[in-house]
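Here the sequence shown is numbered in my numbering, starting from 321 and rising by one per residue.
Glycine included, each C-beta is placed from N, C-alpha and C at the ideal position.
Heads up: the structure comes next, in structure tokens.
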Amino acid sequence: MSVLATPSVDNTRSRLVIDLDAIARNYAALQALTPKAETSAVVKANAYGLGAGPVARRLAKQGARTFFVATVEEGAAVREALGDPLPDIWVFAGYRAKDRPLYVKHRLGAILNQPGETAQFRAAPTGPCAIHIDTGMARLGYGAGDISGLLNALQNLDVSMIMSHLACSEDAASTQNLRQLERFTALTNALPETRLSLANTGGVLLGERYQFDVTRPGIGLYGATADLDADTPFEPVVKLEAPILQLREIDAGDTVGYGATYVAHSPRLVATVGAGYADGLPRALSGAGCARIAGLRAPILGRISMDLTTIDVTGLEHEIAQGAVPEFFGPDLYQAAALDGTLPYEILTGLGARAERIYKGAS
């Protein structure tokens with residue numbers, strides 16, 4: 321085992337490279353799938369970990385006029401990032417009277433999920449509101465038994481939208497989708513006529529009858545869907561670049577990483593790179609996932625540790641000498657999610673704050 325000269329790097333910090341123009345193209349692809357509906361943008365959880373400010377600004381430039389966030393604090397941050405009072409920003413989590421100053425200051429839209437919230441909102445409305453009804457998710461929203469009381473509660477309120485959320489939209493064959501569609505149609509027929517919203521990214525892909533007036537895509541904007549096998553028009557938008565900190569040659573029988581879980585069967589050239597699970601690389605990729613160097617696969621060897629990962633770069637000497645940097649995710653996001661037994665959502669929102677965010681494309 322011997323250490324080799326390592327190409328010099330400017331810093332030892334991992335970089336998360338986010339392609340804002342690719343996000344904009346994904347938005348345009350979603351628009352093309354929903355010609356009769358408005359395409360909004362879900363930028364909750366800091367735009368799925370990619371940066372709500374830059375993402376929202378780029379999508380507004382692309383034409384997005386409606387945004388959804390999880391909390392009132394997220395809504396305030398998006399409004400400040402946009403610097404524009406006109407786009408609508410809706411808050412999923414529900415209305416609390418204590419948050420009224422933030423709703424008013426940042427012109428946020430309240431989504432009312434239950435009678436107590438509606439009562440608080442009626443006492444001092446902040447502007448238009450939206451009503452969330454539960455059609456089978458059993459998470460947030462008014463239930464079918466609440467509708468008669470809701471009709472009275474909504475008198476004299478400016479209801480801009482009625483919405484629900486699909487539980488199984490990633491599975492086009494699920495009977496739950498049609499069941500929820502039928503419930504949504506029946507319940508909204510009993511409520512004041514206004515804009516309707518049901519479809520998330522998966523709902524958009526289910527077709528026109530799920531799309532109604534406003535669609536609420538999230539993960540599709542960021543290049544993925546919940547269905548790991550789906551054929552979609554979305555392109556990757558993010559990659560994690562990890563600088564090579566050390567190169568070494570190992571011999572047959574040498575081991576790599578904690579637990580000595582990798583044993584070399586032949587001489588290999590390996591690189592230790594400056595990214596680990598603290599940067600968002602799932603430990604489940606240990607010994608199973610890969611990086612890419614100039615588009616070529618570099619398998620992960622042994623266990624991913626907190627700050628470091630070792631990859632096999634045998635045969636990639638030329639690419640490394642030319643300055644190519646190891647990259648994770650990108651076109652391999654689905655594979656990473658599958659190996660981790662999770663969804664692309666969790667991979668993206670788990671990307672560590674330590675990685676420097678680099679944005680491609682003007683926001």
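Exposure label - residue i; buried when at least 16 CB within 10 Å
i: Q642; result: exposed
i: R617; result: exposed
i: V424; result: exposed
i: I338; result: buried
i: Q475; result: exposed
i: R364; result: The sequence shown places Lys at residue 364, not Arg. K364 is buried by the Cβ-count criterion.
i: D419; result: buried
i: M483; result: buried
i: R377; result: buried
i: G579; result: exposed
C-beta contact flag for residue i and residue j at 8 Å
i: A380; j: L402; result: yes
i: T359; j: Y347; result: yes
i: G538; j: T552; result: no
i: Q500; j: G456; result: yes
i: Q655; j: G600; result: no
i: A390; j: A413; result: yes
i: L486; j: G523; result: yes
i: P407; j: F387; result: yes
i: L498; j: L471; result: no
Sequence-distant residues of the same chain with beta carbon closer than 7 Å to residue i, five excluded per side
i: R515; result: S480, M481, D533, V534
i: P405; result: R427
6 Å CB neighbourhood of residue i in its chain, flanking five on each side removed
i: R588; result: I570, D632, T634
i: V576; result: Y582, L621, G622, T630
i: D478; result: P448
i: R503; result: T455
i: E676; result: R333, R335
i: L663; result: A546, A657
Own chain, CB closer than 8 Å to residue i, minus 5 neighbours either side, in chain order
i: V558; result: L336, V337, I338, D339, L370, Y542, G543, F649, G650, L653, L668, L671
i: L659; result: P602, A604, L605, A608, G609
i: S586; result: A572
i: A396; result: L422, K425, H426, L428
i: M626; result: G596, Y597, A598
Near the ligand SAM: residue i beta-carbon under 7 Å from a heavy atom
i: F504; result: Questions concerning the ligand SAM fall outside what the structure shown contains, since it holds no ligand whatsoever.
Ignoring anything shorter than 3 residues or poking outside the stretch 380-418, list the beta strand (DSSP E) runs there in chain order.
386-389, 408-411
Can you check the stretch 504-569 for any alpha helix (DSSP H) of at least 4 residues that lies completely inside it and give the ranges in chain order?
521-526
Minimum length 3: unbroken beta strand (DSSP E) runs contained in the stretch 426-507:
428-432, 449-452, 479-483
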